[in-house]
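Colleague: My questions will all concern the structure given below.
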Amino acid sequence: MDLSFSSKDNAFREEVIDFINTNLTDDLKQKMADNRNSYLPKEDHVRWQKALNEKGWLAPDWPVEYGGPGWTTTQKYIFDTEMANHNAPGIMPFGIKMCAPVLMKFGSQEQKDYYLPRMLSNEDWWCQGYSEPGSGSDLASLQMKAEDKGDHFLCNGSKIWTTLAQYADWIFCLVRTSKEGKRQEGISFLLIDMNTPGITIDPIYTLDQPIEGAQEINQVFFQDVVVPKENLVGEINKGWTYAKYLLEFERGNAYAGRLKRGAQKVRAIAAKEVDGGEPVINNPDFRNKLAKLEVAIQALEMTELRILSKLTSGQNMGPESSLMKCRGTDLYQEVVELALEAVGTYGVPFLPLIPGQNTDPVGPDYASGAAPRYFNARKVSIYGGSNEIQRNIMAKLILGL
Ligand SMILES: Cc1cc2nc3c(=O)[nH]c(=O)nc-3n(C[C@H](O)[C@H](O)[C@H](O)COP(=O)(O)OP(=O)(O)OC[C@H]3O[C@@H](n4cnc5c(N)ncnc54)[C@H](O)[C@@H]3O)c2cc1C
């Protein structure tokens, strides 16, 4: 594998860096530095995504015919890496990255014409309605009912852990349309307008962010919600196929860029922080853990490059996406754990970071995000299908066990 970049690629890298320097304003930089993850408040995220869209860069994986930039896999990799190097906000995945590929492959022409341009222009914010109370890993057991009423479906039930549903204009939902046959054969894929009467959103408060409006996850209730028939994607009772296709896009992220940046930050903190009269970085046990982590991140980067070099524009990656999700999130948890270890007792009073609080953070600037990031990162081995489930998928589909 040739890992060197051509002069054209290097020129592209300069263009990406220029874009970031122009559009990642000081206030966005500060918010990202203080943040527990790469989700910003809605207005900031939309501002960033509008700038990307004006440049034609909001949907790097989309084919050109739908408004994608037509990048090579190397260009996509450079873009991701520079966004990570500069700690730029991520692209909100639910519309652009998850629902869009399903619409492109299985949606009607009307659905493509209506929803895809609105995703690019940031008119619609999407959320994902897969999980239900009692139906997470065993997703095929889902119960939310969509009864066929002639020209519409009548939906009843609830979805849970719905990320940023409080901002959403639309939700893509897996719903039960039949109880006949195998459980997977009675599921359909529906697009639901979040402003439809009968929908209520209850926030779920987590340890890292317990105040109203700033929470990340929700439970969404549907009571006699009327959904027009034209909002069905593909065929009735075929939603399981579309759901699985979407999950490959949800899981197949590139992680190495942000991990490398995280590990560099840990190294910098450990050089400044002193424990027992010595910089933390001089502690042999700490050095050993950090070195092992850096090697593992490098190995993941090589794996990502190998997988990316096999893909052509717009293709999904298949079960390797489970490998990336599992390894990327495990290593991310190690990075934030080591950062918390490096800041020592400054990690304890982490609550002042919550937006709206008026107490000053304790300790140096670099210490204040460590604890919220550590707590927030508990989720990464659960969402998108838990890492235990990813290992089951790899065992079956990659190793053939
Ligand atoms: C922060 C966060 C955000 C999320 N956002 C969304 C969202 O926007 N939309 C959405 O639809 N869902 C979302 N989810 C839900 C997520 O996909 C589920 O939490 C996940 O699939 C696990 O399901 P569960 O929570 O029901 O746990 P369970 O399925 O009850 O699993 C509990 C434990 O048992 C293990 N387990 C279960 N079955 C097996 C098995 N067969 N083999 C080995 N181990 C097993 C699991 O790994 C886990 O450790 C989110 C979750 C979190 C934490």
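In this text, residue positions in the sequence shown follow the working numbering: the first is 29, and each later residue adds one. Idealized CB from N, CA, C, for every residue including glycine.
1. Is the segment 77-90 close to the segment 301-316, with three or more CB pairs under 8 Å?
2. Mind checking who S186 pairs with in its DSSP beta bridge?
3. For D200, does the three-state DSSP call read helix, strand or coil?
4. Nearer than 7 Å: is that true of the beta carbon of S159 relative to any heavy atom of ligand 1?
5. For I421, does the three-state DSSP call read helix, strand or coil?
6. Take N150 as the anchor and find which of Y158, E160 and R75 has the nearest alpha-carbon.
7. What are the partner residues of A282, as DSSP defines its beta bridges?
8. Can you tell me whether DSSP reads P380 as helix, strand or coil?
9. Distance check for F277 and K158, CA to CA, integer angstroms please.
10. Which residues in the same chain as L429 place their Cβ atom closer than 8 Å to its Cβ, once the five residues preceding and following it in sequence are excluded?
11. Looking at Q171 and ligand 2, is the gap between the Cβ and the nearest heavy atom below 7 Å?
12. Tell me whether F181 sits in a helix, a strand or coil according to DSSP, three-state version.
13. Closer than 7 Å to a non-hydrogen atom of ligand 1 - does that hold for the CB of W198?
14. Closer than 7 Å: is that where the CB of S396 sits relative to any heavy atom of ligand 1?
15. So within the segment 50-135, which uninterrupted alpha helix (DSSP H) runs reach at least 4 residues, ignoring any that extend past its ends?
16. Look up V390 in the DSSP assignment and say whether it is helix, strand or coil.
17. Taking only heavy atoms of ligand 1 into account, decide whether any of them is closer than 7 Å to the Cβ of K407.
18. If you drop the 5 nearest sequence neighbours on each side, which residues of the same chain put their C-beta closer than 6 Å to that of Q212?
19. Under DSSP, the alpha helix (DSSP H) around P225 begins and ends at which residues?
20. Mind listing, in chain order, the continuous beta strand (DSSP E) runs of no fewer than 3 residues lying wholly within the segment 138-183?
21. At a cut-off of 7 Å, is W268 close to ligand 1 when judged by its beta-carbon and the heavy atoms of the ligand?
22. Can you tell me whether DSSP reads I264 as helix, strand or coil?
23. If you measure from the CB of Y360, is any heavy atom of ligand 1 nearer than 7 Å?
24. What's the C-alpha gap between F134 and G372?
25. What residue does the alpha helix (DSSP H) around G356 start on, and which one ends it?
26. What does a CB cutoff of less than 6 Å around Y374 pick up in its chain, not counting 5 residues either side in sequence?
27. Within the present structure, is the beta-carbon of S414 separated from the nearest heavy atom of ligand 1 by less than 7 Å?
28. For L218, which beta-bridge partners are listed by DSSP?
29. Under the criterion of a Cβ to heavy atom distance below 7 Å, does T205 qualify as lining ligand 1?
30. Do L131 and L148 have their C-beta atoms within less than 8 Å of each other?
31. CB-CB under 7 Å to S32, same chain, minus the five flanking residues each way: which ones, in chain order?
32. So what's E244 in DSSP terms, helix, strand or just coil?
Modeller: Once the coordinates are examined:
1. Short answer: they don't touch.
2. F249, per the DSSP bridge assignment.
3. Sequence check: residue 200 is Phe here, not Asp. F200: strand per DSSP, three-state reduction.
4. Taking non-hydrogen atoms of ligand 1 into account, the C-beta of S159 is found less than 7 Å away from one of them.
5. Correct three-state label for I421: helix.
6. Checking every option, the nearest Cα to that of N150 belongs to R75.
7. For A282, no pairing in a beta bridge is given by DSSP.
8. Only weak support exists for where P380 lies, its pLDDT of 45 falling under 50; the coordinates are left without a value.
9. Inspection of the sequence shows that residue 158 is occupied by Tyr rather than by Lys. Looking at the two C-alpha atoms, the distance is approximately 15 Å.
10. So the list reads A423, once near-sequence residues are dropped.
11. Ligand 2 is not part of the structure shown, which contains ligand 1 as its ligands.
12. In the three-state reduction of the DSSP assignment, F181 falls in the strand class, which pools E and B.
13. Because no heavy atom of ligand 1 lies under 7 Å away, the Cβ of W198 does not count as near it: no.
14. It does not: the Cβ of S396 is nowhere closer than 7 Å to a heavy atom of ligand 1.
15. Those alpha helix (DSSP H) runs which fall completely within the segment 50-135 and span 4+ residues are 54-62, 70-82, 101-113 and 128-134.
16. In the structure shown, V390 sits in coil (DSSP, three-state: anything other than H, G, I, E or B).
17. For ligand 1, at least one heavy atom lies less than 7 Å from the Cβ of K407.
18. Within the same chain, A168 and W268 come within 6 Å of Q212 by CB-CB distance, once the 5 residues on both sides are set aside.
19. Neither: P225 is in no alpha helix (DSSP H) and is coded neither H nor E.
20. Unbroken beta strand (DSSP E) stretches of 3 residues or longer found wholly inside the segment 138-183: 154-157 and 173-176, given in chain order.
21. Remark: the C-beta of W268 is outside contact range of ligand 1, defined as less than 7 Å to any heavy atom.
22. Residue state, collapsed to three classes: coil.
23. No.
24. CA-to-CA, the gap between F134 and G372 works out to about 51 Å.
25. Looking at the DSSP string, the run of the alpha helix (DSSP H) that includes G356 is E348 to V371.
26. G391 and A395, listed in sequence order.
27. Yes - ligand 1 has a heavy atom lying nearer than 7 Å to the Cβ of S414.
28. In the DSSP secondary-structure assignment, L218 is bridged to C201 and L260.
29. T205: no, Cβ never under 7 Å from ligand 1.
30. No, the pair does not count as a contact, with Cβ atoms beyond the cut-off.
31. Cβ-Cβ distances below 7 Å link S32 to nothing in the same chain once the five nearest sequence neighbours on each side are left out.
32. Shown here, E244 sits in coil according to DSSP, grouped into three states, outside any helix or strand.
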